[in-house]
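Colleague: Our numbering applies: residue -4 is where the sequence shown begins, and numbers increase by one. Idealized CB from N, CA, C, for every residue including glycine. Every value quoted in this text rests on a predicted model; they were computed, and no experiment measured them.
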Amino acid sequence: MSQDRGHYTPQQLHAVYDRINLPPRFRYEPGDFSREVVRHHDGHGFLGALVTHMLAHIPFENLSLHYSPTHAVSIHPDALFQKFIRQDMGRGGYCLENNVFLGTVMRSLGFDVVGARINRMGKGFIGNEAGKVQYGGWSHIVNLVTIRGDVFVVDVGFGPGGPARPMALIDGAIEFNMPPSQREVIRLRRDAIDDNDHKSVKLWIFERRNDNDAPWTPMYCFEDNVCFLPQDFEVMNYFTSTHRTSVYTYRVLCSKFILADKDDTSCTGEIILYENKVTRVLAGKTEVLAILKTEQERVDALSTIWASVSVSRRWRVSEV
């Protein structure tokens, strides 16, 4: 990927509107009109609609690492448009793919967008020797969107348990992630992390709590004042898609959020495939929909439960 972060044409953006089933009231004509809306009118509502409808219609998944001859992932905007839109196979991508794609869409519509690198919470959070929160290396990105001076964190690539809406970049502000349910709340907090020797250096920490009495769980941290280039994200993508310690290389994942209704701009739940189990989380309650015993059952689940996700027959593996 070159330093040009890429843009989509008006024709491509209309195809994106169709793909994410964006309600007609938010289908602003790309170009001068959409830029005018973003900068002077309903930028906040437009952003929220784009985010929730992408979460509900473009899955978070890593199927390219398990159902392709190359096992490779490209985050070039042209490759993402081909995969998500032109191929018409119901496909999405994992963290870097989905966030780079939506970042390109938003930038093309006139939003002020920059990318931020993420340190995800590491495996050592529970039971590490010092009892400290530990973060892994850079393996995820988010988009920071500024609308008339207000900054929002947009993350459509976290997968299950991730933010279901744009989050205002405000220290300590608590939001219900999927109203009307008040069980799952999220917040951004600015603080020093345990691993940092210089406690005066503070990062933004995304945290989630699944019940009123539950502790806050840190999910990732990031900085908002450093310029990151597409080349940086390419390096991260290579590690995340190839390194044997990356969960995406040895687990099959696919998930989508569930809209309250087709024209709504809020999510009420999630449907998740993780390896051989399909679950649905709705109003804070988890239901197991299926335990998959064969590879064919998993392929069938992708095409039926998700309504449109399909993989080429010649790319399938033989065992779950």
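Under DSSP, the alpha helix (DSSP H) around Cys90 begins and ends at which residues?
Modeller: Counting from one through the sequence shown, the residue named residue 90 turns up at place 95. Element bounds for Cys90: Cys90 to Leu104.
Colleague: Under a three-way DSSP split, which group does Leu277 fall into?
Modeller: Indexing the sequence shown from 1 puts residue 277 at position 282. Leu277 falls in the strand class under three-state DSSP.
Colleague: Do the CB positions of Phe91 and His135 come within less than 9 Å of each other?
Modeller: Within the sequence shown, the letter at position 96 stands for residue 91. Within the sequence shown, the letter at position 140 stands for residue 135. Checking the sequence shown, residue 91 turns out to be Leu, not Phe. Yes.
Colleague: Beta-carbon within less than 8 Å of Ala296's beta-carbon, same chain only, minus the 5 sequence neighbours each way: which residues are those?
Modeller: What you label residue 296 is simply residue 301 of the sequence shown in a count that begins at 1. Excluding residues within five positions, the ones whose Cβ falls inside 8 Å are Leu268, Val273, Ala285 and Leu287.
Colleague: Shortest alpha-carbon distance to Trp301 belongs to which of Arg14, Leu50 and Pro54?
Modeller: Position 306 of the sequence shown, counting from 1, holds the residue named residue 301. Comparing Cα-Cα distances from Trp301 to each of Arg14, Leu50 and Pro54, the minimum goes to Pro54.
Colleague: Is Cys249 closer than 9 Å to Ala255 when the C-beta atoms are compared?
Modeller: Reading the sequence shown from its first residue, position 260 is the one you call residue 255. Reading the sequence shown from its first residue, position 254 is the one you call residue 249. Not closer than 9 Å, so no.
Colleague: Hey, how far is the Cα of Asp219 from the Cα of Gln129?
Modeller: In the sequence shown, counting from the first residue as 1, residue 219 sits at position 224. In the sequence shown, counting from the first residue as 1, residue 129 sits at position 134. C-alpha separation (whole angstroms): 20 Å.
Colleague: Could you spell out the range, first to last residue, of the beta strand (DSSP E) harbouring Val180?
Modeller: Translated into the one-based positions of the sequence shown, residue 180 becomes position 185. Start and end: Val180 to Asp186.
Colleague: Since Arg203 contacts Gly156 with CB under 8 Å, what's their CB separation in whole angstroms?
Modeller: Here residue 203 is taken as the residue at index 208 of the sequence shown, counted from 1. Here residue 156 is taken as the residue at index 161 of the sequence shown, counted from 1. Yes, Arg203 and Gly156 are in contact; Cβ-Cβ is about 6 Å, under 8 Å.
Colleague: Count the other CB atoms, across all protein chains shown, that sit within 10 Å of the CB of Gly264; report buried if there are 16 or more and exposed otherwise.
Modeller: On the sequence shown, position 269 is the one that residue 264 refers to. That one is buried.
Colleague: Quick one: is Leu224 buried, meaning 16 or more other Cβ sit within 10 Å of its Cβ, or exposed?
Modeller: Counted from its first residue, the sequence shown places residue 224 at position 229. It counts as exposed.
Colleague: Classify Ile121 as helix, strand or coil using the three-state DSSP reduction.
Modeller: For this step, residue 121 is matched to residue 126 along the sequence shown. In this predicted model, Ile121 has a pLDDT of only 41, less than 50, meaning its place in the structure is not dependable enough to derive any value.
Colleague: In the DSSP assignment, the alpha helix (DSSP H) including His135 goes from what residue to what residue?
Modeller: For this step, residue 135 is matched to residue 140 along the sequence shown. Element bounds for His135: not the alpha helix (DSSP H) but the beta strand (DSSP E), Tyr130 to Ile142.
Colleague: From what residue to what residue does the alpha helix (DSSP H) around Ala10 run?
Modeller: Locating residue 10 in the sequence shown gives position 15, where the first residue counts as 1. Start and end: Pro5 to Arg14.
Colleague: Which term fits Ile200, buried or exposed, when burial requires 16 or more other beta carbons within 10 angstroms of its beta carbon?
Modeller: As a first step, residue 200 must be located in the sequence shown, where it is residue number 205. With 16 or more other Cβ atoms within 10 Å, it is buried.
Colleague: Rounded to whole angstroms, what is the Cα-Cα separation between Arg102 and Asp83?
Modeller: Residue numbering aside, residue 102 sits at position 107 when the sequence shown is read from its first letter. Residue numbering aside, residue 83 sits at position 88 when the sequence shown is read from its first letter. Near 23 Å, if we compare the C-alpha coordinates of Asp83 and Arg102.
Colleague: How should Val283 be labelled, buried or exposed, when 16 other C-beta atoms within 10 angstroms of its C-beta is the threshold for buried?
Modeller: For this step, residue 283 is matched to residue 288 along the sequence shown. Flag for Val283 reads exposed.
Colleague: Let's see if you can read the secondary structure: which residues bound the alpha helix (DSSP H) around Tyr233?
Modeller: Here residue 233 refers to the residue found at position 238 when the sequence shown is read from its first residue. Pro225 to Thr237 is the span of the alpha helix (DSSP H), which, as asked, contains Tyr233.
Colleague: Run through DSSP, which three-state label would Lys288 get?
Modeller: What you label residue 288 is simply residue 293 of the sequence shown in a count that begins at 1. It is coil, neither helix nor strand.
Colleague: Can the beta-carbon of Phe76 be found closer than 9 Å to that of Arg86?
Modeller: Looking up residue 76 in the sequence shown gives position 81. Looking up residue 86 in the sequence shown gives position 91. No, these two residues do not count as a Cβ contact at 9 Å.
Colleague: Between Cys216 and Leu198, is the Cβ-Cβ spacing less than 9 Å?
Modeller: Residue numbering aside, residue 216 sits at position 221 when the sequence shown is read from its first letter. Residue numbering aside, residue 198 sits at position 203 when the sequence shown is read from its first letter. The answer is yes: Cβ separation under 9 Å.
Colleague: I'd like to know whether the C-beta atoms of Pro161 and Phe171 end up nearer to each other than 9 Å.
Modeller: By one-based count along the sequence shown, residue 161 stands at place 166. By one-based count along the sequence shown, residue 171 stands at place 176. Contact flag unset, no.
Colleague: Take the Cβ of Val328 as the centre, count every other Cβ of all protein chains shown within 10 Å, and call the residue buried at 16 or more, exposed below.
Modeller: Within the shown structure, residues of the chain are numbered from -4 to 315, placing residue 328 beyond reach of any answer.
Colleague: Is DSSP giving Pro213 helix, strand or coil here?
Modeller: Numbered from 1 along the sequence shown, position 218 holds the residue referred to as residue 213. Strand at Pro213.
Colleague: Report the three-state DSSP secondary structure of Ser176 (helix, strand or coil).
Modeller: Reading the sequence shown from its first residue, position 181 is the one you call residue 176. In this structure, Ser176 counts as coil in the three-state DSSP scheme.
Colleague: Looking only at its own chain, which residues have a Cβ that is under 7 Å from the Cβ of Phe228, when we skip the five neighbours before and after it?
Modeller: Sequence index remark: in the sequence shown, residue 228 carries index 233 (1-based). Result list for Phe228: Ile70, Leu91, Val95, Gly110 and Ile136, in chain order.
Colleague: Taking C-alpha atoms, which residue in Arg178, Ala51 and Tyr89 lies nearest to Ala278?
Modeller: Translated into positions along the sequence shown, residue 278 becomes position 283. For the residues Arg178, Ala51 and Tyr89, the minimum Cα distance to Ala278 belongs to Arg178.
Colleague: With the cut-off set at 9 Å, would you say Asn57 and Val276 are in Cβ contact?
Modeller: Here residue 57 is taken as the residue at index 62 of the sequence shown, counted from 1. Here residue 276 is taken as the residue at index 281 of the sequence shown, counted from 1. For Asn57 and Val276, no; Cβs fall outside 9 Å.
Colleague: Compare the Cα-Cα distances from Met116 to each of Glu24, Thr240 and Pro213 and report the closest residue.
Modeller: In the sequence shown, counting from the first residue as 1, residue 116 sits at position 121. Of the candidates Glu24, Thr240 and Pro213, the one whose C-alpha sits nearest the C-alpha of Met116 is Pro213.
Colleague: If you measure between the beta carbons of Leu60 and Tyr243, is that distance less than 9 Å?
Modeller: As a first step, residue 60 must be located in the sequence shown, where it is residue number 65. As a first step, residue 243 must be located in the sequence shown, where it is residue number 248. Their beta carbons are under 9 Å apart, which means Leu60 touches Tyr243 by this criterion.
Colleague: Just to confirm, are Tyr3 and Thr141 a CB contact at a threshold of 9 Å?
Modeller: One-based indexing of the sequence shown puts residue 3 at position 8. One-based indexing of the sequence shown puts residue 141 at position 146. Going by C-beta atoms, Tyr3 is not nearer than 9 Å to Thr141.
Colleague: Residues in its own chain within less than 6 Å of Ile15 by CB, not counting five upstream and five downstream?
Modeller: As a first step, residue 15 is located in the sequence shown; it is residue number 20 there, counting from the start. For Ile15, where only same-chain residues beyond five positions count, the Cβ hits under 6 Å are His48, Met49 and His52.
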